[in-house]
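Enquirer: The structure that follows is given in the form of structure tokens.
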Amino acid sequence: MSHMNWRAHCYESHMKNIKPFNGIDFPLWKEKVQDILKSLELDYVLHKDKPLPPSSDIEEYDEKMHEYQFKLEKWEKDNKFAKRIIKRSISEGIKGEFDDNEDTTASELFFLIELEHKRVSRRFLFTRLTTLRYDGYSEIVKHIRSIYDIAYELSSLLSSSYSKSSSLEELEADGDRTMVSLSSSSSEEEVADAGSVDSFAEFQLLEADRDANETCLGFVTFGCLAHPEIDVRQTFATNLSLS
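If you count the sequence shown from 1, position 85 lands on 102 in our numbering, and the numbers rise without skipping.
Right, here's the structure in full:
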């Protein structure tokens with residue numbers, strides 16, 4: 018079996034075992050696509066740029082040019098195949114959200130999909146974080162755990178390819194007003210539009226002197242967002258005997 022036929026056979030076999038990505042469970046989709054590309058020896062196009070031609074004034078130019086043309090042809094063919102795999106692994110419902118320009122490389126397409134996933138996830142988590150309310154009768158410890166789990170997950174998104182300020186600018190542009198309840202009291206405190214992560218955390222900290230539970234809530238939220246390098250979840254789980 019030729020190398021090309023081997024790839025085609027493996028390609029069809031792999032594609033039968035991958036569920037098209039529809040916006041849910043991105044990490045699993047990403048892992049499966051990377052595994053497919055690796056098994057077909059195509060994963061290098063996600064990390065290596067398109068080969069550049071040699072300078073005309075270098076020694077052994079003809080030899081270098083021949084080598085360049087060989088590498089270019091291989092890279093272009095493999096990039097096209099990798100891009101085909103990525104596109105086929107996306108559901109029809111979300112394909113239109115990504116630029117289908119012929120000049121877009123497999124690496125760029127892969128990055129755009131991840132970028133869109135993080136944007137949607139970030140906004141969803143921030144909405145949950147800023148609207149989560151204590152119901153007044155369940156354990157306050159569970160409420161606090163929910164807050165720092167959400168905040169910790171959000172911090173990982175903010176600290177990767179997004180800045181905190183740009184994340185909040187998007188939310189502010191939507192005209193959303195964030196509301197948060199810091200206690201089981203029937204009274205509700207309205208939070209001003211979040212101008213920054215620090216201002217949101219500062220509000221919580223200023224209000225957190227009502228009791229020890231509220232203090233934990235404020236510091237957990239602040240710690241997760243302002244200091245993503247620290248595992249705040251583990252710290253507070255230990256201090257509150259939650260682990």
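Cβ atoms here follow ideal geometry from the backbone N, Cα and C, with glycine treated the same way.
Inspect the beta-carbon positions of VAL50 and SER106 and report whether they are closer than 8 angstroms.
Expert: For the purposes of this step, residue 50 is identified with residue 33 of the sequence shown, where counting begins at 1. For the purposes of this step, residue 106 is identified with residue 89 of the sequence shown, where counting begins at 1. Closer than 8 angstroms, so yes.
Enquirer: Under the rule that 16 or more other beta-carbon atoms within 10 Å means buried, what is PHE141, buried or exposed?
Expert: Here residue 141 refers to the residue found at position 124 when the sequence shown is read from its first residue. Its Cβ having fewer than 16 others within 10 Å, PHE141 is exposed.
Enquirer: Are the CB atoms of ARG139 and LEU171 within a distance shorter than 8 angstroms?
Expert: Sequence index remark: in the sequence shown, residue 171 carries index 154 (1-based). Sequence index remark: in the sequence shown, residue 139 carries index 122 (1-based). Yes.
Enquirer: GLU102 and LEU54: beta carbons closer than 8 angstroms?
Expert: Translated into positions along the sequence shown, residue 102 becomes position 85. Translated into positions along the sequence shown, residue 54 becomes position 37. Here residue 102 is Ile; the residue named in the question, Glu, does not match the sequence. Yes, Cβ-Cβ distance for ILE102 and LEU54 is below 8 angstroms.
Enquirer: So what does PHE38 bridge to, in DSSP terms?
Expert: As a working mapping, residue 38 is identified with position 21 in the sequence shown. Looking at the DSSP assignment, PHE38 forms a beta bridge with ILE107.
Enquirer: From GLU29 to GLU58, what does the alpha carbon distance come to, in whole angstroms?
Expert: Here residue 29 is taken as the residue at index 12 of the sequence shown, counted from 1. Here residue 58 is taken as the residue at index 41 of the sequence shown, counted from 1. The alpha-carbon separation between GLU29 and GLU58 amounts to approximately 15 angstroms.
Enquirer: Look at the alpha carbon of ASN34 and the alpha carbon of PHE128, and state the distance between them as a whole number of angstroms.
Expert: In the sequence shown, the residue the question calls residue 34 occupies position 17. In the sequence shown, the residue the question calls residue 128 occupies position 111. Approximately 22 angstroms, taken between the alpha carbons.
Enquirer: Report the three-state DSSP secondary structure of ILE75 (helix, strand or coil).
Expert: As a working note, residue 75 is residue 58 in the sequence shown. ILE75: coil per DSSP, three-state reduction.
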